[in-house]
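85 is the number of the first residue of the sequence shown in our numbering; add one for each residue after it.
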Amino acid sequence: MAQAIQKITLSTARDIPFNKLTLSQENVRKIKAGVSIEDLAEDIAHRGLLTSLNVRPELDGDGNETGVYRIPAGGRRYRALERLVAQKRLAKTAGVPCIVSKGETLEVEDSLAENVQRVSLHPLDQFRAFQTLREQGLGEEEIAARFFAPVVTVKQRLRLASVSPRLLDLYAEDEMTLEQIMAFSITNDHVRQEQVWDTVSRSHSREPYYIRRLLTETAIRASDRRAVYVGIEAYEAAGGVTMRDLFEQDQGGWLQDPALLEQLVMEKLKTDAEAIQVSEGWKWVEAAFDFPYGHTSGLRRVYGEQAEMTEDELARYDATRAEYDKLDAEYAEASEYSEATEQKLEELDRLNERPYVFDPQEVARCGVFVSLGASGELKIERGFVRPEDEPKDETDLTDDIGDDHDAHDSARPVIGAAGGEGTQPDDEDEAIKPLPDRLVLDLTAARTIALRNALANDPIIAFVAVLHAFVLKTFYVYGSDSCLEVTLQSARFSQTPGLGDTVWAKEIDQRHDGWGQDLPKDPNDLWDFLIKLDEVSRQALFAHCASLSVNAVIDPWNKRARAIAHAEQLARSIGFDMVEAGWVPTADNYLGRVTKARILQAVREAKGDQAAELIGHLKKTDMAREAERLITGCGWLPEPLRMTVEEGTIESDAVADEASVGSDEPGIISEAQDLPAFLLDEPETSDDDTGDTESGIDGEHLAAAE
85 MAQAIQKITL STARDIPFNK LTLSQENVRK IKAGVSIEDL AEDIAHRGLL
135 TSLNVRPELD GDGNETGVYR IPAGGRRYRA LERLVAQKRL AKTAGVPCIV
185 SKGETLEVED SLAENVQRVS LHPLDQFRAF QTLREQGLGE EEIAARFFAP
235 VVTVKQRLRL ASVSPRLLDL YAEDEMTLEQ IMAFSITNDH VRQEQVWDTV
285 SRSHSREPYY IRRLLTETAI RASDRRAVYV GIEAYEAAGG VTMRDLFEQD
335 QGGWLQDPAL LEQLVMEKLK TDAEAIQVSE GWKWVEAAFD FPYGHTSGLR
385 RVYGEQAEMT EDELARYDAT RAEYDKLDAE YAEASEYSEA TEQKLEELDR
435 LNERPYVFDP QEVARCGVFV SLGASGELKI ERGFVRPEDE PKDETDLTDD
485 IGDDHDAHDS ARPVIGAAGG EGTQPDDEDE AIKPLPDRLV LDLTAARTIA
535 LRNALANDPI IAFVAVLHAF VLKTFYVYGS DSCLEVTLQS ARFSQTPGLG
585 DTVWAKEIDQ RHDGWGQDLP KDPNDLWDFL IKLDEVSRQA LFAHCASLSV
635 NAVIDPWNKR ARAIAHAEQL ARSIGFDMVE AGWVPTADNY LGRVTKARIL
685 QAVREAKGDQ AAELIGHLKK TDMAREAERL ITGCGWLPEP LRMTVEEGTI
735 ESDAVADEAS VGSDEPGIIS EAQDLPAFLL DEPETSDDDT GDTESGIDGE
785 HLAAAE
């Protein structure tokens, strides 16, 4: 005979006056941190008590009920009701819905079970509930207020509405994580979301950062200089869409319409360039997002002069300088950063940044290059003269530059043959005829040899003479000639993008502009300037000019083995190294421009075989980016940037025999470390192949040198 199933009898429910309730000492919730009684009290005041208290009657010594009930489960709700009573918002005798336990289990067990058996609401359910409330007319702020949640949390949950319903269903079935859903929410394009999911679901590379990368690979970051220059508001006003990530720092998001942004950049650049031309009076202005490195080569540069300070400005400068010195001394001993102090210290620098004033006659023949700086600010290069805009008297003097027999000084006496109108009669007793050309040649040849010997015995003036020739070539495109047949050439490298944005190019430009401001405007005054210049500044100027002639480029059609070997000697002599100079391999400058085999070779040399194997399955674009992350800070260099293994002098015969530049020596090897979890745990199969003799010179020129 089958045994009857025992029926379960539930505990009864009834209202018990609040003043008859007390907390049980068996309640397991002892920690008060993070438990908000105030919020719950306000919620009860708004919508009432949604969950009954679990109570047990208190018995006297004889086992009779005393009329008081202990609460083993529901202590937080009791504290909230107690708060409402203390605020006189709830009567002491108000009935409280309670479940009266039969006492068949321990009180501590009931308290523990109530908290353990509770399941938090799934984020998707919370999102859908918030969405329903918004559809019924509640705003995000009101929803946040009613549920005592930060507004950003409500916005984050509602943002999940931008995710494809198909992906939300997968999330509901635990086939996706909340972090993955958050990553997908940066775009509203459901088709693109599903395409990216289909891509990542076939691989083990499902990290949220990887999903964000795929969703934003065709977009432009809001921190990009183009976006900063135009402004997000202007971009969106023109119809552009911006993707935002509410769950992670996104530095302003991503702009989805690069073509629109480029159009807005060029329109604003053109407008700003025209405004500069009109307001300052330049003859021409060229505007571009970027100019190739060396775009000013061959153009004479005119430098303006800073306007003199007014009496008020000078007084303010002196006061600020005194305050600066005091603050600087105090701040040097301070242990903490002070933004207010930093701002005061920057005030003096702003006083020094007075605008430069140009000669109106020069402005009428000069032009300006306008482009974008690295931080989205306008980069304005003023005062460049084109050859066709040079004054007639100057251009006449330059027609025969390079001819060894030309005389460019009109005051120079005539010592050669002469004839024509004004020539004296051919009478040796009454007139002195010009010296024969051959005699002049022989005499000046003798003088030249003697001058060479004298110059060789005066190293200081010899140095000045070479420096004079160098500066003429570097700063005075149409300047006077030097008697030294010394040439100085400077390659442009305009074919290499991004050179102008490197820290090295910026330092060269700053140093060049500093010397350009200090040098005399008339090249005929240059010699006296150099003679008076202190030795340290003179050497710095020499080094600057000489450095501009360095060319260690390996052309495809000319390997230049001897020149490259000398570049190695030069680099070794000054202790030069590309790693110390700050070069790092990136997807833009190397890794994304070579084959996958080269990428893997770089990672293998820098991090070891394990790291190379773990990224071997990635597509080339992703492999380049991951390789960039892996080998950053390893000091790895590609072959053309490495120093040769041999130390000391390189014999010329050995250099002449070199057939190509490069080395098979391995780079810096280190063990694989700090790999992302998805690479360490789940590799996958590849699916795609600058003694002053005059006051004030020393400090100024050393500043220019730096």
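Glycine included, each C-beta is placed from N, C-alpha and C at the ideal position.
Starting from residue i, follow its DSSP beta bridges and name the residues at the other end.
i, result
"residue 387", "Paired residues: none, contrary to the question."
"residue 150", "DSSP output for residue 150 lists no bridge partner at all."
"residue 182", "98 and 137"
"residue 450", "469"
"residue 305", "338"
"residue 523", "Looking at the DSSP assignment, residue 523 forms no beta bridge with any residue, so it has no partner."
"residue 639", "642"
"residue 155", "107"
"residue 440", "390"
"residue 92", "Beta-bridge pairing links residue 92 to no other residue."
"residue 464", "454"
"residue 369", "452"
Counting only beta-carbon atoms, is residue i nearer than 8 Å to chain B?
i, result
"residue 521", "No chain B appears in this structure, which consists of one protein chain only."
In or out: residue i buried (at least 16 other Cβ within 10 Å) or exposed?
i, result
"residue 255", "buried"
"residue 234", "exposed"
"residue 453", "buried"
"residue 533", "exposed"
"residue 264", "buried"
"residue 243", "buried"
"residue 277", "buried"
"residue 712", "buried"
"residue 131", "exposed"
"residue 157", "buried"
"residue 588", "exposed"
Under three-state DSSP, which class holds residue i?
i, result
"residue 56", "Nothing can be reported for residue 56: it is not among the residues displayed for the chain, which extend from 85 to 790."
"residue 599", "helix"
"residue 588", "helix"
"residue 408", "helix"
"residue 123", "helix"
"residue 272", "coil"
"residue 765", "In this predicted model, residue 765 has a pLDDT of only 43, less than 50, meaning its place in the structure is not dependable; the value taken from the coordinates is given anyway. It is helical."
"residue 733", "Note that residue 733 scores a pLDDT of 42, beneath 50, so its modelled location is shaky; the value from the coordinates is reported in the next line. Of the three classes helix, strand and coil, the one that applies to residue 733 here is coil, per DSSP."
"residue 322", "coil"
"residue 575", "coil"
"residue 316", "helix"
"residue 459", "coil"
"residue 174", "coil"
"residue 295", "helix"
"residue 70", "Beyond the ends of the chain as shown, which are 85 and 790, falls residue 70; an answer cannot be given."
"residue 760", "A caution first: residue 760 carries a pLDDT of 48, below 50, which makes its placement in the model unreliable, though a value can still be read off. Of the three classes helix, strand and coil, the one that applies to residue 760 here is coil, per DSSP."
"residue 707", "helix"
"residue 266", "helix"
"residue 727", "coil"
Can you tell which of the options has the C-alpha that lies nearest to the C-alpha of residue i?
i, options, result
"residue 239", "214, 262, 410 and 649", "214"
"residue 343", "360, 325, 358 and 158", "325"
"residue 727", "690, 681, 654 and 712", "654"
"residue 690", "708, 707, 697 and 715", "715"
"residue 679", "666, 575 and 706", "706"
"residue 208", "179, 291 and 257", "257"
"residue 565", "608, 598, 526 and 543", "608"
"residue 622", "580, 548, 94 and 684", "548"
"residue 312", "293, 620, 337 and 529", "337"
"residue 602", "346, 144, 386 and 261", "386"
"residue 250", "134, 168, 275 and 402", "275"
"residue 92", "126, 113, 188 and 111", "188"
"residue 544", "531, 595 and 618", "618"
*Would you be able to state if there are at least three C-beta pairs under 8 Å between the stretch 285-295 and the stretch 210-230?*
no
*So, do the stretch 625-645 and the stretch 549-560 have three or more beta carbon pairs nearer to each other than 8 Å?*
yes
*So, do the stretch 462-479 and the stretch 405-416 have three or more beta carbon pairs nearer to each other than 8 Å?*
no
*At a cut of 8 Å, does the stretch 266-279 reach the stretch 305-312 through at least three beta carbon pairs?*
no
*Quick check: the stretch 180-189 against the stretch 202-222, are there 3 or more CB pairs under 8 Å?*
no
*Can we say the stretch 354-367 touches the stretch 438-448, given the rule of at least three CB pairs closer than 8 Å?*
yes
_Cβ contact check for the stretch 102-117 and the stretch 153-164: 3 or more pairs under 8 Å_ = yes
*Any 3 or more C-beta pairs closer than 8 Å across the stretch 143-152 and the stretch 193-206*: no
_Does the stretch 710-724 come into contact with the stretch 662-676, if we say contact requires no fewer than three beta-carbon pairs (one atom in each stretch) closer than 8 Å?_
yes
_Touching by the beta-carbon criterion (3+ pairs, under 8 Å), the stretch 602-617 and the stretch 547-556_ = yes
*Taking three-plus beta-carbon pairs below 8 Å as touching, is the stretch 574-591 in contact with the stretch 374-390?*
yes
*Given 8 Å as the limit, is there contact between the stretch 683-703 and the stretch 644-651, that is, 3 or more CB pairs closer than that?*
no
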